[in-house]
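Quick note: the sequence shown uses UniProt numbering, first residue 1, plus one each step.
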Amino acid sequence: MVAKVEKKKKRILLLIEDNPLLSGLYQSAFEKAGLEVEIAHDGESGLALARQGKPSAILLDLLMPGMSGYEVLEALKKDATTKNIRVIILTIINEKEAQEKARKLGAVDYLIKTDLELPEIVKRVVSQLG
């Protein structure tokens with residue numbers, strides 16, 4: 001009888017966040033939770049990494065120079081190679097309209113940076129990965 005060895009699927013989180021200080025802080029916390037983290041500091045490079053690496057989930061800031069988080073989300077959901085990746089918004093925008101727009105564009109969760117402590121953010125993101 002041959003024993004089945006299941007390979008644990010790598011859980012890769014793509015963090016698209018323009019603030020290097022925050023992205024470093026988040027990266028450390030998510031790696032401690034067992035995730036592999038890739039970082040993009042703008043929307044364009046985030047889209048490229050998403051298409052290349054096909055992460056398990058994307059944590060996306062809305063307010064970034066150049067391409068906004070909304071534009072990134074819309075592009076991800078229109079692209080056949082990235083449309084099924086779970087996208088979680090992490091932003092300081094605490095407005096109902098912003099949340100509705102993000103969900104309408106395909107975000108699975110909307111986290112407000114100033115309302116949640118880092119362990120709660122990690123917990124919510126990890127729960128989206130199953």
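All residues carry an ideal CB built from backbone N, CA and C; glycine is no exception. This structure is a prediction, so every number in the text was calculated from the model and none was measured.
Span separating the alpha-carbon of Leu21 from that of Ala75: 26 Å
Under the three-state DSSP convention, the category Ala40 falls into: strand
Ile58 - DSSP class collapsed to helix/strand/coil: strand
Close beta carbons around Glu38, own chain, < 8 Å, minus the five adjacent residues each side: Ile12, Leu13, Leu14, Leu15, Leu49, Gly53, Pro55
Pair within 8 Å by beta-carbon distance, Arg90 and Lys123: In the sequence as presented, Arg is not what sits at residue 90; that position holds Leu. No, these two residues do not count as a Cβ contact at 8 Å.
Whole-angstrom distance between Asp79 and Leu116, CA atom to CA atom: 31 Å
Start-to-end residues for the alpha helix (DSSP H) that takes in Arg11: Note, Arg11: premise wrong, no alpha helix (DSSP H); not H, not E.
Residue(s) in a DSSP beta bridge with Asp109: Ile88
Sequence-distant residues of the same chain with beta carbon closer than 8 Å to Leu105, five excluded per side: Tyr70, Leu73, Glu74, Lys77
Rounded separation between Lys10 and Leu35 - CA only: 8 Å
Cβ neighbour criterion (16 or more within 10 Å) applied to Ser127: exposed
Member of Ala29, Leu129, Met64, Leu25 whose CA lies at the smallest distance from the CA of Glu44: Met64
Beta-carbon spacing of Glu17, Ser23 below 8 Å: yes
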